[in-house]
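Heads up, the sequence shown is in this note's numbering, so the first residue is 3 and it goes up one at a time.
For every residue, glycine included, the Cβ atom is placed at its ideal position computed from N, Cα and C.
Small disclaimer: the values here were computed from a predicted structure and weren't measured.
Written out below as structure tokens is the structure these notes cover.
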Amino acid sequence: MKDPAVQIEQLSEELRHHEHQYYVLDAPEIADAEYDALMRRLQALETQHPELLTPDSPTQRVGGKPREGFIKVPHSSPLLSLDNALNEAELRDFDRRVRDLLGGAEYRYVTELKLDGLSMAAHYRDGKFTQAITRGDGTVGEDVTENARTIRSLPLRVKSGLTAFEVRGETVMSRRAFERLNAERDAKGLSRFANPRNAAAGSLRLLEPRLTAERRLEYYTYFLLTEGRPAFDSHWRSLEELRHLGFQVNPHSKICRTIDEVFELCNAWEGKREELPYDIDGVVVKVDSVEQQRQLGFTAKAPRWAIAYKYPARQATTTVEAIEVQVGRTGALTPVACLKPVEVGGVTVSRATLHNEDEIERLGLQIGDEVVVERSGDVIPKVVRISSQGCYRKAFRLPSHCPVCGSKVVREAGEAASRCINANCPARLKESLLHFASRGVMNIDGMGEALVDQLVDRGTVRNVADLYDLTLADLVNLERMGVKSAGNVIRNIDRSRQSPLPRVITSLGIRFVGERTAVFLAEAFGSMVAIEHASLEELQLAEEVGPKVAEAVVQYFSEPGNRDLVGRLLKAGLQFTYASSRPKAGPLQGKTLVVTGTLPTLSRDQAKQLIEQAGGKVSGAVSKKTSYVVVGEDAGSKLAKARELGICTLTEDELRALAEG
Ligand code: IVH
3 MKDPAVQIEQ LSEELRHHEH QYYVLDAPEI ADAEYDALMR RLQALETQHP ELLTPDSPTQ
63 RVGGKPREGF IKVPHSSPLL SLDNALNEAE LRDFDRRVRD LLGGAEYRYV TELKLDGLSM
123 AAHYRDGKFT QAITRGDGTV GEDVTENART IRSLPLRVKS GLTAFEVRGE TVMSRRAFER
183 LNAERDAKGL SRFANPRNAA AGSLRLLEPR LTAERRLEYY TYFLLTEGRP AFDSHWRSLE
243 ELRHLGFQVN PHSKICRTID EVFELCNAWE GKREELPYDI DGVVVKVDSV EQQRQLGFTA
303 KAPRWAIAYK YPARQATTTV EAIEVQVGRT GALTPVACLK PVEVGGVTVS RATLHNEDEI
363 ERLGLQIGDE VVVERSGDVI PKVVRISSQG CYRKAFRLPS HCPVCGSKVV REAGEAASRC
423 INANCPARLK ESLLHFASRG VMNIDGMGEA LVDQLVDRGT VRNVADLYDL TLADLVNLER
483 MGVKSAGNVI RNIDRSRQSP LPRVITSLGI RFVGERTAVF LAEAFGSMVA IEHASLEELQ
543 LAEEVGPKVA EAVVQYFSEP GNRDLVGRLL KAGLQFTYAS SRPKAGPLQG KTLVVTGTLP
603 TLSRDQAKQL IEQAGGKVSG AVSKKTSYVV VGEDAGSKLA KARELGICTL TEDELRALAE
663 G
């Protein structure tokens, strides 16, 4: 066996060579799978010899070498833009022109949602993805191949009879991914992206593909071309073929035979656009027949065979009359703009979030300024930019003391949010109670703002555990609370004791621990006590739990006040254990062990705990399904059975070594 240091150096050198060939020169010499296998061998060696791990090892850079810039590449044929129809009359004008130019021939339209993203061309040769180019100025774009490779909906290999083809489509970021990204940026003290489109554009042009990979972009295709021209004689047929090849095609595309049908569809989507997971700004209408497209031709900038029916922007201009500060569950102070009420897309808006101090600075906003506000999707309205500075404007500063309890406000280094440091701040408590009682968490119906305000203001409830001590008598005398509704609330509180552990974990309001992470924590540890005592490293064994989340969990449980609270919730009868439906992660995952005889140092219970903590199961009887039998002194029939079945036996030391991985 070669010296591990030499092996690691050779493997690293080999990987670096291939990385260069693949990422920098675009000339791979080995298959992806071989590359992955080499990478796994190196990872395994480094795990066995952590002292030999260096920061410049290829294993420390998943996603490859950052680029220095993007190369400009010409498109096979121009990526044109579209003329817009801003109302019904303009849409009908478009249809009239089409009809006239086609001289009475029959025609039909394909309608597609106009996704609000960036167009991108992707090239394939011999069934393999080779290059992705941004729209750029329509004639020349930028080579973003490595970043595009991280987009999971862009197939890297396809089974096609065509030797070379090109697809064109829209790169978008879902509103959910956008909100998550901005929340992460807030936590890191970075500026926010104004909308999903900007976030998608920024993500596609990152110099480090590894970062693009984290951004969860999506790609929806709408053109299939060979040598810059449509591959089929009907647009609809191209969409079908794209789908067949494994590309993502928007499922809401339709064939429409009349302009009435088109208009109806445009109207229907305007009302439903909030239900979509991504932003759209209209509907694209295309003549289906490629031959008819050719007859209709192009103007200088856009095809005559297509039009974008655009929805009016959900923006309006109004004045910022004041800036208020709200205190959230984590104590974070959020500035909120109080606006002169204005209608935005059918809804009157009088408040818009400003997120944090940095955002106000980025906007250059002062009280009295006229601003553009925007509603997009179901998110809270936001201030997009200043449209004109007010004559009498006043700068805003976040208060140095909490507007609710008067405690000091601090902004930790590297954080965008300023927080009230008082853990018992009534504003924080109210938000915590509302979070605790909300759907998806403890689901206590009837525990709304009016009730929470009264309970906190009267001092009846000082933390969430107090809810479980409430009696009918505490509630009946409150405003807007009859005997019947009070009884319902008490019953709902009682019922919430049955909420499973993941919900209890979510209810604690630990930073970064939402419903999904709570499930992973419950799955991995099986009990609140185990989570409370887990170390930073152990916590990260749970799925999707990284250093940031682990740190937040450890920090939460390091607060004596929080530990008391959790203790009281246990006493109140909440669910603190979880029968996981999935096996625990660990070196003994999927293994069944039997312990027999007296072990030198471990008791039976301790041995069981060790095995279970390493993800293994303990069984009382030896069978064919047993993976190992741990043997101590005076082992009897179980050892004999193990020998008979040829099952591997372990000493206590060997068990420890295995369990440690
Ligand atoms: S077709 C020659 N189809 O809208 C036709 N564009 O205003 C060119 N877009 O640059 C575009 N969804 O970024 C087409 N289903 C769709 C689209 C779409 C979004 C964007 C695209 C284009 C812009 C045109």
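- The C-beta distance from LYS74 to VAL174 rounds to 24 Å, too long to meet the 8 Å contact threshold.
- LEU247 places its beta carbon less than 7 Å from that of SER162.
- When the five nearest sequence neighbours on each side are left out, the beta carbons in the same chain lying within less than 7 Å of the beta carbon of LEU472 are those of ILE492 and ILE495, in order along the chain.
- Rounded to the nearest whole angstrom, the CA to CA distance from THR319 to VAL555 is 43 Å.
- When the beta-carbon positions are compared, ASP85 and ALA270 stay at least 7 Å from each other.
- Given a length threshold of 4 residues, each whole run of the alpha helix (DSSP H) inside the segment 167-204 is given here in chain order: 177-189.
- By the neighbour-count criterion, in which 16 or more other beta carbons inside 10 Å mark a residue as buried, ASP459 falls on the exposed side.
- Of the residues assessed, GLN294 falls on the buried side of the cut-off, its CB having 16 or more other CB atoms within 10 angstroms.
- The residues LEU164, PHE167, LEU226, LEU227, SER240 and GLU243, in chain order, have a CB closer than 8 Å to that of ALA233 in the same chain once the five nearest residues on each side in sequence are set aside.
- If you ignore the 5 residues before and after PHE180, its C-beta comes within less than 6 Å of the C-beta of PRO198 and ALA201, all in its own chain and listed in chain order.
- Within its own chain, the residues whose Cβ lies closer than 8 Å to the Cβ of GLU546, once the five positions on either side in sequence are excluded, are ARG518, THR519 and PHE522, listed in chain order.
- The alpha helix (DSSP H) runs lying completely inside the segment 355-437 and spanning 4 residues or more are 359-365, given in chain order.
- Residue nearest to VAL349 within the set LEU356, VAL329, SER378 and GLY370 is SER378 (criterion: CA-CA distance).
- Relative to the ligand IVH, even the nearest heavy atom lies 6 Å or more away from the CB of LEU156.
- Comparing C-alpha distances from MET41 to each of ARG18, ALA644, SER79 and ARG464 shows the shortest one belongs to ARG18.
- Following the DSSP letters along the chain, one finds ARG94 inside the alpha helix (DSSP H) bounded by residues 90-103.
- Relative to the Cα of LYS640, the nearest Cα in the group LEU541, LEU480, ALA623 and VAL551 belongs to ALA623.
- In this structure, the ligand IVH has no non-hydrogen atom nearer than 6 Å to the beta-carbon of SER402.
- Each residue's CA atom was taken as its position, placing PHE514 and ALA419 some 14 Å apart.
- If you draw a straight line from the Cα of LYS116 to the Cα of GLY171, it comes to about 11 Å.
- Following the DSSP letters along the chain, one finds LEU335 inside the beta strand (DSSP E) bounded by residues 335-346.
- Under the three-state reduction of DSSP output, SER509 falls in the helix class.
- For PHE225, the uninterrupted beta strand (DSSP E) segment begins and ends at 220-228.
- When the beta-carbon positions are compared, VAL506 and VAL406 stay at least 7 Å from each other.
- The beta carbon of LEU47 sits closer than 8 Å to those of PRO6, GLN9, ILE10, LEU13 and LEU54, all from its chain and outside the five residues before and after it, given in chain order.
- Taking 6 Å as the cut-off, the C-beta of TYR311 does not count as close to any heavy atom of the ligand IVH.
- Cα atoms of HIS125 and LEU81: separation of roughly 14 Å, rounded to the nearest angstrom.
- Straight-line spacing of the CA atoms in GLY448 and ASN490 works out to 8 Å.
- If you compare the alpha carbons of GLY284, LEU278, GLY230 and VAL289 with that of ILE257, the shortest gap goes to VAL289.
- Not one heavy atom of the ligand IVH lies closer than 6 Å to the C-beta of PRO279.
- Between the segment 408-422 and the segment 330-349 there are three or more inter-stretch CB-CB distances shorter than 8 Å, so the stretches are counted as touching.
- When VAL478, THR508, LYS486 and LEU604 are compared, the shortest CA-CA separation from ARG441 is found for THR508.
- Looking at the DSSP output, GLU326 sits in a beta bridge with VAL338.
- Checking the 6 Å criterion, the Cβ of GLU172 is within range of a heavy atom belonging to the ligand IVH.
- Beta-bridge annotation (DSSP): SER529 is paired with THR579.
- When DSSP assignments are scanned along the segment 425-496, no uninterrupted stretch of beta strand (DSSP E) that is 3 or more residues long falls wholly within it.
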